[in-house]
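The structure appears right after this line, and notes come after that.
Numbering (the working numbering), first residue to last: 490 to 1252.
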């Protein structure tokens, strides 16, 4: 009974509190209604007074109200209002600055004012300089010193939580322009006078969010690539006007239509995000056309930046595996594979052309990518020493002979000097309030960096540096060396473990080989000079990830779809004919229907060793680090395919490499499987029908001491290793003979099983 009574008292108390809160809410609504009624029945002066009163007692989350316009105010009236607000709102330390911003958020648009030079002069004089921009302050941390200031954009944009404001900055004729993302205005900032000007973009595009993705300057005008919008935005500083060009003929539905933009010879080029066309806008004729990019990339979020270098258009790969290259002169479209350096989605954000090279700023990639069009070289410099994770950098620009990477999620500005090939960093983590995607896009002007705010309602300005005035070349090299070494070791290890896809070997290889080689039915000994080395080699001119020099192995030159972590190791002879090699693999794949052609990767020395180093330069030998190489590779891959040409007179057992590879597989207990070409399999089956004596004699003839290699030094090296093993040549002969006999026995078992089945069918 006592418990029930307490419960009733608690419920009564709760109801009383609810009614009291309801009364307070009604009183607040009544007060606002009275103010609104007063506003509606008085002149514009009273309207301003009412709004000032509202801002005085409003919470920090107060949003601007959509009010009817009031007549423009004079300069004197504007000063008087600011003085009155200053007295009413109190000092800045008492949230006065926030209230002033809320009040100005009403006054400026209602009176038709913009933050022109006159308004800013008054604000600075009457109120506080922080209203527009902060005074320069030095970053105080352990990174390189530089000063920063913030240009407050909250007076010209609608500030809401989660709103992404701007998506890139461009410098033109002494001013900085910010590309609107969710912002409702196109912003112009003049550093010389510290003035902001906002242009309403509603007249150009009805979309409310993710309007434009990035912007470029061409012939004195600004061009913004559409994200969700169906128009390309054009701003003409000369006439101070905005316009739009319909691009729906060559865009896709939804968002991320175009994500990169650059200009060349009077034309604007926009690289596609989700779309399939590189859009071309002729600024002289006002025409729009498109160039299909599906031959280079088919995925969504294909590219995420663009630049012009040596007369060609380059598109920064986002989810695409290739760097887009378009030549306007010839109309040719091509791609440069980057998967030897980076894989996965969101690889790079923006692109920069500097000193005749293309630089790609990393997003999820762990490296700055550099492409030299003149040499055809693609290389990378690791940045893992400075930052990790996704969405690292969103801006890349050049200033004072250096390249600056400005952050999206990273907490540093990364500075790269091409002359030294080194990085240094500037820690800016103390400046951010938002948890991620603070800033997006940057430009350089008069020795300063201007970084557009994405989730931050300000534009960050950095200056007061050349950092190298305070950092020696040696210090910069030490900061970079560790990251570069780590990246290069990782790339080398990945390259050494690659195999060629079975799909490529069966579908593409033979036609490619015959196209390059003039010999009708070549062996691999005859093919190597045309396919794996020389001027026509598949890896010619491509950077080798094992030593970072030009000319790579075939497997490193293949696209990621045709190469991958090796699943099988092939032991074979270069004396085999190309067609014989192909037929053997074809027969093996038919025997193993469970194999996925694009998921089976075979390590084949012809494709996977760098023949430019071994055969052409002879700076390496095939037997370099032989024991370590084979043990590591065999154990890592875990399966060995032994390709025999015949079981009656096998050429395989006469090659010292082949015998040694089989012996190592046996010694390491790695599973093996014999592969025979169609003719070799037929010979074996006929021998089984007749007698096995010929097969036995063939394997009895194994004598590794008499086996040969193409290079005498390799032969001597391998035989030296065999001599050092317990049992020497006799043991190796015995083990290899027994193992090959076992594999042949398995092949015979398959044959006899088939014969039995046929016999049962006949009965």
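Glycine included, every Cβ here is placed at the ideal spot set by N, Cα and C.
For residue i, three-class secondary structure by DSSP
| i | result |
| --- | --- |
| residue 989 | strand |
| residue 466 | Summary: the structure shown does not reach residue 466, with the chain confined to residues 490 through 1252, and so no result is reported for it. |
| residue 1102 | helix |
| residue 913 | strand |
| residue 506 | helix |
| residue 1078 | helix |
| residue 455 | With the chain covering only 490 through 1252, there is no way to say anything about residue 455. |
| residue 1254 | Lying before the first or after the last residue shown, residue 1254 is absent from the chain, which here runs from 490 to 1252. |
| residue 662 | coil |
| residue 679 | strand |
| residue 1162 | strand |
| residue 900 | coil |
| residue 771 | strand |
| residue 511 | helix |
| residue 801 | strand |
| residue 1068 | helix |
| residue 1131 | strand |
| residue 777 | strand |
| residue 640 | strand |
Outcome for residue i when other beta-carbon atoms lying within 10 angstroms are tallied against a minimum of 16
| i | result |
| --- | --- |
| residue 735 | exposed |
| residue 791 | buried |
| residue 1324 | An answer regarding residue 1324 cannot be provided, because it is not within the stretch 490 to 1252 covered by the chain. |
| residue 854 | buried |
| residue 745 | buried |
| residue 1099 | buried |
| residue 1046 | buried |
| residue 1170 | buried |
| residue 511 | exposed |
| residue 618 | Because the pLDDT at residue 618 is just 36, under 50, the model does not fix this residue reliably, and the point stays unresolved. |
| residue 509 | exposed |
| residue 884 | buried |
| residue 821 | exposed |
| residue 665 | buried |
Residue i versus the options, residue with shortest Cα-Cα distance
| i | options | result |
| --- | --- | --- |
| residue 803 | 1121, 788, 843 | 843 |
| residue 990 | 998, 638, 1039, 1087 | 1087 |
| residue 727 | 854, 871, 709, 1164 | 709 |
| residue 1029 | 999, 1042, 1036 | 1042 |
| residue 718 | 1140, 504, 671 | 671 |
| residue 1003 | 984, 987, 1025 | 1025 |
| residue 725 | 795, 677, 639 | 677 |
| residue 756 | 818, 997, 1125 | 818 |
| residue 857 | 892, 1135, 512, 1099 | 892 |
| residue 900 | 861, 874, 1017 | 874 |
| residue 833 | 821, 851, 820 | 851 |
| residue 712 | 784, 763, 660, 1012 | 660 |
| residue 1036 | 1005, 720, 905, 982 | 982 |
| residue 1136 | 1154, 786, 1145, 1165 | 1165 |
| residue 795 | 753, 784, 830 | 753 |
| residue 638 | 1055, 937, 1142 | 937 |
| residue 1168 | 640, 730, 1076 | 1076 |
| residue 782 | 774, 683, 762, 776 | 762 |
| residue 729 | 688, 838, 880 | 688 |
9 Å Cβ cutoff met for residue i and residue j
| i | j | result |
| --- | --- | --- |
| residue 845 | residue 863 | yes |
| residue 793 | residue 740 | no |
| residue 750 | residue 798 | no |
| residue 1253 | residue 707 | Residue 1253 lies beyond the residue range present for the chain, which begins at 490 and ends at 1252; the question has no answer from this structure. |
| residue 1057 | residue 1128 | yes |
| residue 825 | residue 988 | no |
| residue 1096 | residue 1021 | yes |
| residue 654 | residue 941 | yes |
| residue 769 | residue 732 | no |
| residue 801 | residue 827 | no |
| residue 667 | residue 748 | no |
| residue 994 | residue 1093 | yes |
| residue 1034 | residue 830 | yes |
| residue 999 | residue 1067 | yes |
| residue 1051 | residue 997 | yes |
| residue 1161 | residue 1124 | no |
- prompt: Can you list, in chain order, the stretches of the beta strand (DSSP E) that have 3 or more residues and sit fully within the stretch 811–893?
  reply: 811–816, 821–826, 837–843, 846–851, 856–861, 866–871, 882–888
- prompt: Whole alpha helix (DSSP H) runs in the stretch 1023–1053 with 4 or more residues, listed along the chain?
  reply: 1043–1046
query: In chain order, which beta strand (DSSP E) runs of at least 3 residues are fully inside the stretch 709–749?
result: 710–715, 720–725, 730–735
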